[in-house]
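Inspection log for the structure reproduced underneath, given as structure tokens.
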Amino acid sequence: MMVKTIALLGHKDHGKSTLIGNMLMLTGSATKVRIKEAEEYSKRLHKAFEPAFILDSFAEERLNEMTIDTTRAEIKHKDLAFAFIDVPGHEELIKNMISGASYGDVALLLVSAKKDEGIRDQTKRHLFIARMLGIDKLIVAVNKMDTVGYKETTFNDVKAGLLKYIERIGFEKGKVHFIPVSAYKGDNLVKRSKNTKWYRGMTLIDAVYENAKQEGRKQDGPLRIITQGVLEGGHVVGRVVSGEIRVGERVSVLPAGVEATVKEITVKGKRVKKADAGLNVAIKIDKNIATELRGAVISGNKNKPKLLSKIKAKIFVTGKIGNNLSVKVNGIEIKCKSLKVLGSIDVTTGERSSKKRIELLGAIEAEVVLEKKIPVEDYETTRELGRFVLYSSREFAGICTVGK
């Protein structure tokens, strides 16, 4: 069964863990032991049953009612399985959020409809990061509808408050699903709720299914393999992240610039004639490559990524950007000669400006110059060749993507 990853986004206390906890129960994905444990813990804290306790595994999370690390929960529906990644909503835990969201195929954003909660800066910051990381499938669950009497006007107000921003940062608003839900009471999670008769759209689980079903790598894209090294016997191992590779094909190994012919392809211990995107492969080529092969790229000869040392990138700032800069890309570290700020982006509005100011948890456009050339493509074309992590004096300072 194919597994699709769903990045669960939103401000703290807007109900992410509660939503997944309840969906685990409603879909029969939570064990009786896990449910009983959550019930007993709720009693010990003198609370009504809290579905979030099914998901939050740390005692300090339960006491503080805040997710402190990324948590994975798997739910099966029809012919797919969904791995929901519950990421922290607190501003101080943004690095954990980035780590969790980076694996997402689809983003599921929770926004509270409750008075004095609603759309927050962190709500928009999570959306900005998700789009920057290349997620283009978005579902917005307007949560806690039970606290506002399931009013359609409140739902519409939240929707209107997000639409312009969503479009400005690159989501196609016509493809974004807005769903009124109560994560705690289960409204519109798996079954339609009688409390929202005015709502004619899909349930949350069906919206997730439809979006996840559409998400997938294009098999007709250009060949790109990210290599991990060489086995004894000269087999190059790596992952096909785009296109397909065939025995007899002429390929290029970058940045070495070596051209070779594919003699053998092995997948899961078996010889095959070709391998598609998403597979880990071991390939034998007719050249010995006297170079470190971790993080190298194998492509077709006619459609190669560019080799660049000067890269224009968008950077979400997670720490101080000072001296001794370096980047990590596909497992290798490369020193930076310089970083020049070209402009800034307000992550709460999506608007660009010519201001060359670096702000924590803000975004900039910059020109990064590396000590050596690496294979590069726009992030929207090939994620693995269009993103890197920025470090300053070995401290995590930002995530970077290439392109618009």
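Counting in numbering that gives the first Met the number 0, the sequence shown runs from 0 upward without gaps.
Don't be surprised by glycine CBs; every beta carbon is placed ideally from N, CA and C.
Next item on the list: Let me know the alpha helix (DSSP H) ranges lying completely inside the stretch 270–313, each 4 residues or longer, listed in chain order.
Entry: Complete alpha helix (DSSP H) runs here, min 4: none at all.
Margin query: Tell me which residues share the same chain as K355 and place their Cβ nearer than 6 angstroms to its Cβ, disregarding the 5 neighbours each side in the sequence.
Written below: On the sequence shown, residue 355 is found 356 positions in, with the first residue counted as 1. Counting only Cβ-Cβ distances below 6 angstroms, and skipping sequence neighbours, we find V340.
Notebook entry, point to check: Is D78 helix, strand or coil when you go by DSSP?
Noted result: Counting from 1 along the sequence shown, the entry for residue 78 is found at position 79. Residue state, collapsed to three classes: coil.
Item checked: Anticipated Cβ contact below 8 angstroms, T195 with D186, distance rounded -> Translated into the one-based positions of the sequence shown, residue 195 becomes position 196. Translated into the one-based positions of the sequence shown, residue 186 becomes position 187. The beta carbons of T195 and D186 sit about 7 angstroms from each other, so the pair counts as a contact at 8 angstroms.
Margin query: Just list the residues that DSSP pairs F387 with in beta bridges.
Written below: Translated into the one-based positions of the sequence shown, residue 387 becomes position 388. Beta-bridge pairing links F387 to C399.
Check: Hey, how far is the Cα of N329 from the Cα of S16?
Finding: Looking up residue 329 in the sequence shown gives position 330. Looking up residue 16 in the sequence shown gives position 17. Approximately 31 angstroms between the Cα atoms of the pair.
Checklist line | Collapsed DSSP secondary structure at S352 in the structure displayed | finding: Taking the sequence shown and counting its residues from 1, one reaches residue 352 at position 353. The three-state reading of DSSP puts S352 in strand, counting E and B together.
Note to self: What does the alpha-carbon distance come out to for the pair V326 and L389?
What the structure shows: Within the sequence shown, residue 326 is the residue found at index 327, counting from 1. Within the sequence shown, residue 389 is the residue found at index 390, counting from 1. Each residue's alpha carbon lies about 5 angstroms from the other.
Check: Around the C-beta of D78, are 16 or more other C-beta atoms found within 10 angstroms, so that it is buried, or is it exposed?
Finding: Stepping through the sequence shown from its first residue, residue 78 is reached at position 79. The residue in question, D78, is exposed, as its Cβ has fewer than 16 Cβ neighbours within 10 Å.
Notebook entry, point to check: Cα separation between A365 and V346?
Noted result: Position 366 of the sequence shown, counting from 1, holds the residue named residue 365. Position 347 of the sequence shown, counting from 1, holds the residue named residue 346. So the two alpha carbons sit approximately 16 angstroms from each other.
Next item on the list: Run the CB neighbour count on N210, radius 10 Å, all protein chains shown included, and call it buried at 16 or more, exposed below.
Entry: One-based indexing of the sequence shown puts residue 210 at position 211. N210 comes out buried.
Checklist line | Buried or exposed by the 16-neighbour rule on C-beta atoms within 10 Å, applied to N302 | finding: Start at 1 with the first residue of the sequence shown, and residue 302 comes out as number 303. Burial call: exposed.
Next item on the list: Count the other C-beta atoms from every protein chain shown that fall within 10 angstroms of the C-beta of D115, then say buried if there are 16 or more, exposed otherwise.
Entry: Your numbering for residue 115 matches position 116 in the sequence shown. Burial state of D115 is exposed, judged by a 10 Å Cβ sphere holding fewer than 16 other Cβ atoms.
Checklist line | Spatial distance of L359 from G349 (CA atoms) | finding: Here residue 359 is taken as the residue at index 360 of the sequence shown, counted from 1. Here residue 349 is taken as the residue at index 350 of the sequence shown, counted from 1. Answer to the nearest angstrom: the Cα atoms are 16 angstroms apart.
Item checked: Nearest-angstrom Cα separation, counted from I244 out to E376 -> Position 377 of the sequence shown holds residue 376. Position 245 of the sequence shown holds residue 244. Cα to Cα, the separation comes out at about 19 angstroms.
Notebook entry, point to check: At which residues does the alpha helix (DSSP H) containing N142 begin and terminate?
Noted result: Translated into positions along the sequence shown, residue 142 becomes position 143. Per DSSP, N142 belongs to no alpha helix (DSSP H); it is in the beta strand (DSSP E), L137 to N142.
Check: Is the beta carbon of K372 within less than 7 angstroms of some heavy atom of the ligand GTP?
Finding: With respect to the ligand GTP, the structure offers nothing, as it holds no ligand at all.
Check: By how many angstroms is the C-alpha of D285 removed from the C-alpha of V2?
Finding: In the sequence shown, the residue the question calls residue 2 occupies position 3. In the sequence shown, the residue the question calls residue 285 occupies position 286. Between V2 and D285, the C-alpha separation is close to 36 angstroms.
Check: Secondary structure at L23, three-state DSSP: helix, strand or coil?
Finding: To locate residue 23, count along the sequence shown from 1; it is residue 24. In the displayed model, L23 falls within a helix according to three-state DSSP.
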